[in-house]
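Undergrad: Per the working numbering, residue 409 is the first one in the sequence shown, and the count goes up by one each step.
C-beta: ideal position from N, C-alpha, C; glycine also.
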Amino acid sequence: MPEDINNASSAENPEDASQNVPENLEPLPATSDPMAGMFPKKGRGIGALIFVICVSALFGYAALLANLPRERPPADELPASVRMRLSGLPLNANVLVYLGLKEIRQSEFWQTFVPDSLKEQLLADTSTAIGRFANLMQFNFAQDVDTAIYAEVNQYGEINTSLAILIGRFNSARFKHLAATALDSIRSGDRLAYQLDTVLWCAKVSESELALSSHADVLANYLQPRANFWTTDSTMTPLIERVQHKSHFWLALGSARWAFGAMRGLTTGNQDMQGMGNIRNIRQLVLSLRLTDGIEGQSEWIYENRAAAFFAGGLIGITLWVTKNFSQRQSESIKRIVGAIEFKQNLEALMFSANFPKALLEELRQSKQD
C-alpha cells in the first residue's frame, strides 16, 4: 500500500520523477531510429526515389511542351491585288502594316461602336507624312481611302525609309495642282514622282492609287520594281504567313527594336505584363484584327529560342490567371477581357487569340466612363 501511494505521487509530480533519472544515462547515437523502426529505412529510400521521378517527369513534360509543334489556326489568303502591290516593297523592309478600311467601314463594330469623332480623326495628324498629304489633297482618310499599306526599312544606324500605298477616291484636279507646284520630280518607267516637301514624295499610279515615300529611290523602285519582294525577302514573308486575319488590319514587325517598342506600347497600362512577358527578348511580332460586332484578335510573339518562349509563356500564364481570379486592382470588365485571352507555345513562338464580343466592349467602355 505505501508503494502504491509513492507511485501515485510520482505520477502527479513529473518534476520529482525527472529527478530520479540516472545521471549516467548516455544519449542516443545520431544514427539511431527514435521511432523504433516504425518507418523502415527502405521506405525512406523509396520515397526519395519517387520524388526524383516526379521532378524528372515535370522537367520532361516541360521539355516536351517546349519542343512540341502546335497546329496554327487556318489563315486567310492574301488577296491577289495586295500580293501584287507588296512585290514592289523596298528591300530589307522590316515593318509592314495593312488597313482594309473598306471592309472595316462595313463592319457592325465600326458602324455602331466607334464614335464619329474618332472616325474623323483617324490619321488626320499633320505631323505624319500621310496626315500632311491628306491635308494637301483635302481628302478624309477614314472615308475616302479603301486600302492602306505602309512599309518601312528601319535599320539601326541607318536612315529610315518608308513607303505608303493608298487606294481609294482622290481629287485628280487637286493632285495636278500639287504636281505643278512640286519642288522636284523624277521619272520611273512611264510614271512621274513629285517632291511635295523635303521628306515627302508622291506618285499617281492610277486614278484610284497613290504612292508616297520619304525617299525618291524607294518610290521609284515601287513604280518600277528592280527585284520582287516575294523572291528576295526572307524576313517578312514568313511573318506574313503567320498572320491569321488579312482583311481588316494586320501588322508584321521583323526587328527586335520595333517588336519591343510595339509591346511596350501595348502593355503600357499593365506593368505586370511588361515584367512577366519577357518583352525585351521578343525578336519578331505579328498582330491581326477582324471586326465583326466585336473584335477577333490574333498575335504571335517570336523569341530567340524555345527556352525563352517557354519561360515567357509560363510567366504570362501565371500573370493572366492571377489577374483574372485574384487581382484587386482591376475592374470586373478588365478581368473578363483578360479571361478571353488564350495562348499556347509553338516552338519559338507564343500564339495568342481572343474574341471580345460587343457586350463585353460596351461594359468596358461604360466602366471607363464611370
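1. Contact defined as beta carbons within less than 8 Å: I believe L697 pairs with E704. What is the distance between those atoms, to the nearest angstrom?
2. Counting pairs of beta carbons, one from the region 741-755 and one from the region 709-724, are three or more of them closer than 8 Å?
3. Who are the Cβ neighbours of T643 in its own chain at under 7 Å, not counting the five residues just before and after it?
4. So is A542 buried or exposed if we call it buried at 16+ other beta carbons inside 10 Å?
5. Between the C-alpha atoms of M446 and I726, what's the straight-line distance to the nearest angstrom?
6. Below 6 Å CB to CB, which residues in the same chain sit around L695 once its five sequence neighbours on both sides are set aside?
7. Excluding sequence positions up to five away, which residues of its chain have a Cβ less than 8 Å from the Cβ of L758?
8. Identify the continuous alpha helix (DSSP H) that holds G597 and give its terminal residues.
9. Can you check which of these residues, S616, I745, A624, R478, is closest to R773 by C-alpha distance?
10. Are A537 and V607 touching if we call contact CB-CB under 8 Å?
11. Checking 8 Å against the spacing of the C-beta atoms, do A635 and L627 come in under that value?
12. Would you call the CB atoms of L544 and L586 closer than 8 Å?
13. For D554, which three-state DSSP category applies?
14. Could I get the ranges of all uninterrupted alpha helix (DSSP H) runs contained in the region 584-654, with 4 residues as the minimum, in chain order?
15. Return the first residue and the last residue of the beta strand (DSSP E) that T536 is part of.
16. Let me know the secondary structure DSSP gives R737 once reduced to three states.
17. Using only alpha-carbon positions, find the residue among F549, I557, K584, Q551 that is nearest to S655.
18. Is the CB of A542 under 8 Å away from at least one CB in chain B?
19. Taking all protein chains shown into account, do 16 or more other C-beta atoms lie within 10 angstroms of the C-beta of A488, making it buried, or fewer, making it exposed?
20. Taking only three categories from DSSP, how would you classify F719?
21. Starting from T520, follow the alpha helix (DSSP H) in both directions and report where the run begins and ends.
22. For I413, which residues of its own chain have a beta-carbon under 6 Å away from its beta-carbon, when the five flanking residues on both sides are left out?
23. Take the Cβ of Q519 as the centre, count every other Cβ of all protein chains shown within 10 Å, and call the residue buried at 16 or more, exposed below.
24. DSSP has G705 in a bridge; who is on the other side?
25. Would you mind working out which of R650, Q692, Q652, R577 sits nearest A667, comparing C-alpha positions?
26. Would you kindly report the start and end of the unbroken beta strand (DSSP E) that includes L659?
27. For R691, name the three-state secondary structure that DSSP assigns.
28. In terms of DSSP beta bridges, what is G576 paired with?
29. Taking the alpha-carbon positions, what's the V527 to N548 distance?
30. Mark N568 as exposed unless 16 or more other C-beta atoms lie within 10 angstroms of its C-beta, in which case mark it buried.
31. Counting C-beta neighbours from all protein chains within 10 Å, is the total for M443 16 or more, i.e. buried, or is it exposed?
32. Could you give the first and the last residue of the continuous alpha helix (DSSP H) run that contains Q529?
33. Taking the C-alpha atoms as reference points, what is the distance between S570 and F734?
34. Taking the alpha carbon of N629 as the reference point, which residue from V490, L499, S535, F578 has its own alpha carbon closest?
35. Please report the distance separating the alpha-carbon of Q603 from that of F764.
36. By alpha-carbon positions, which one of E617, D484, Q529 ends up nearest to H653?
TA: According to the structure shown:
1. Looking up residue 697 in the sequence shown gives position 289. Looking up residue 704 in the sequence shown gives position 296. Sure, about 7 Å apart at Cβ, within 8 Å.
2. Between the region 741-755 and the region 709-724 there are three or more C-beta pairs closer than 8 Å, enough to call the two in contact.
3. As a first step, residue 643 is located in the sequence shown; it is residue number 235 there, counting from the start. Cβ within range, chain order: N502, G662.
4. The residue you call residue 542 lines up with position 134 of the sequence shown. A542 should be labelled buried.
5. If you number the sequence shown from 1, residue 446 lands on position 38. If you number the sequence shown from 1, residue 726 lands on position 318. For M446, the predicted structure reports a pLDDT of 47, less than 50, and the residue's modelled location is therefore unreliable. A value from the coordinates is still provided. Approximately 41 Å between the Cα atoms of the pair.
6. Numbered from 1 along the sequence shown, position 287 holds the residue referred to as residue 695. So the list reads L659, S707, once near-sequence residues are dropped.
7. As a working mapping, residue 758 is identified with position 350 in the sequence shown. Hits under 8 Å: E708, W709, Y711, A717, A720, G721, I724, F751, K752.
8. Here residue 597 is taken as the residue at index 189 of the sequence shown, counted from 1. Per DSSP, G597 belongs to no alpha helix (DSSP H) and is neither H nor E.
9. Position 365 of the sequence shown, counting from 1, holds the residue named residue 773. Closest by C-alpha distance to R773, out of S616, I745, A624, R478, is I745.
10. Here residue 537 refers to the residue found at position 129 of the sequence shown. Here residue 607 refers to the residue found at position 199 of the sequence shown. Yes, they are a contact pair.
11. By one-based count along the sequence shown, residue 635 stands at place 227. By one-based count along the sequence shown, residue 627 stands at place 219. No, these two residues do not count as a Cβ contact at 8 Å.
12. Here the question's residue 544 lines up with position 136 in the sequence shown. Here the question's residue 586 lines up with position 178 in the sequence shown. A contact, by the Cβ cut-off of 8 Å.
13. Indexing the sequence shown from 1 puts residue 554 at position 146. The answer is strand: DSSP assigns D554 an E or B state.
14. Entirely contained in the region 584-654, the alpha helix (DSSP H) runs reaching 4 residues are, in chain order, 624-631, 637-640, 644-650.
15. Counted from its first residue, the sequence shown places residue 536 at position 128. Unbroken run through T536: none, as it is neither H nor E.
16. In the sequence shown, residue 737 corresponds to position 329, counting from 1. It is coil, neither helix nor strand.
17. Locating residue 655 in the sequence shown gives position 247, counting from the first residue. Closest in alpha carbon position to S655, among F549, I557, K584, Q551, is I557.
18. As a matter of chain content, chain B is missing from the structure shown, which is built from one protein chain.
19. Translated into the one-based positions of the sequence shown, residue 488 becomes position 80. Exposed, by the Cβ-count rule.
20. In the sequence shown, counting from the first residue as 1, residue 719 sits at position 311. Secondary structure at F719: helix, using DSSP grouped into helix, strand and coil.
21. Taking the first residue of the sequence shown as 1, we reach residue 520 at position 112. Note, T520: alpha helix (DSSP H), 516-520.
22. Translated into positions along the sequence shown, residue 413 becomes position 5. The predicted position of I413 is uncertain, since its pLDDT is 43 and thus under 50; a value taken from the coordinates is nonetheless stated next. Within the same chain, I413 has no close Cβ partners at all.
23. As a working mapping, residue 519 is identified with position 111 in the sequence shown. Classification for Q519: exposed.
24. Along the sequence shown, one-based indexing puts residue 705 at 297. DSSP, once it has assigned bridges, lists L697, A762 as partnering G705.
25. By 1-based counting over the sequence shown, the position of residue 667 is 259. The candidate whose alpha carbon is nearest that of A667 is Q692.
26. By one-based count along the sequence shown, residue 659 stands at place 251. Per DSSP, L659 belongs to the beta strand (DSSP E) from 657-661.
27. Taking the first residue of the sequence shown as 1, we reach residue 691 at position 283. Here R691 sits in strand by DSSP.
28. Mapped onto the sequence shown, residue 576 falls at position 168. In the DSSP output, where bridge partners are listed per residue, G576 has V553.
29. On the sequence shown, residue 527 is found 119 positions in, with the first residue counted as 1. On the sequence shown, residue 548 is found 140 positions in, with the first residue counted as 1. Inspection of the sequence shows that residue 527 is occupied by Lys rather than by Val. Each residue's Cα considered, the two are about 9 Å apart.
30. Counting from one through the sequence shown, the residue named residue 568 turns up at place 160. By the Cβ neighbour-count rule, N568 is exposed, with fewer than 16 other Cβ atoms within 10 Å of its own.
31. Position 35 of the sequence shown holds residue 443. Residue placement at M443 is poorly supported in this model, since its pLDDT is 47, which falls under 50; the coordinates are not used for a value here.
32. For the purposes of this step, residue 529 is taken as residue 121 along the sequence shown, with counting starting at 1. First-last of the alpha helix (DSSP H) with Q529: 524-529.
33. One-based indexing of the sequence shown puts residue 570 at position 162. One-based indexing of the sequence shown puts residue 734 at position 326. So the two alpha carbons sit approximately 45 Å from each other.
34. The residue labelled residue 629 in the question sits at position 221 within the sequence shown. Looking at the Cα atoms, L499 is the closest of the given residues.
35. On the sequence shown, position 195 is the one that residue 603 refers to. On the sequence shown, position 356 is the one that residue 764 refers to. Taking the CA atoms as reference points, Q603 sits about 44 Å from F764.
36. The sequence position of residue 653 within the sequence shown is 245, counting from 1. Nearest to H653 by C-alpha distance, out of E617, D484, Q529, is D484.
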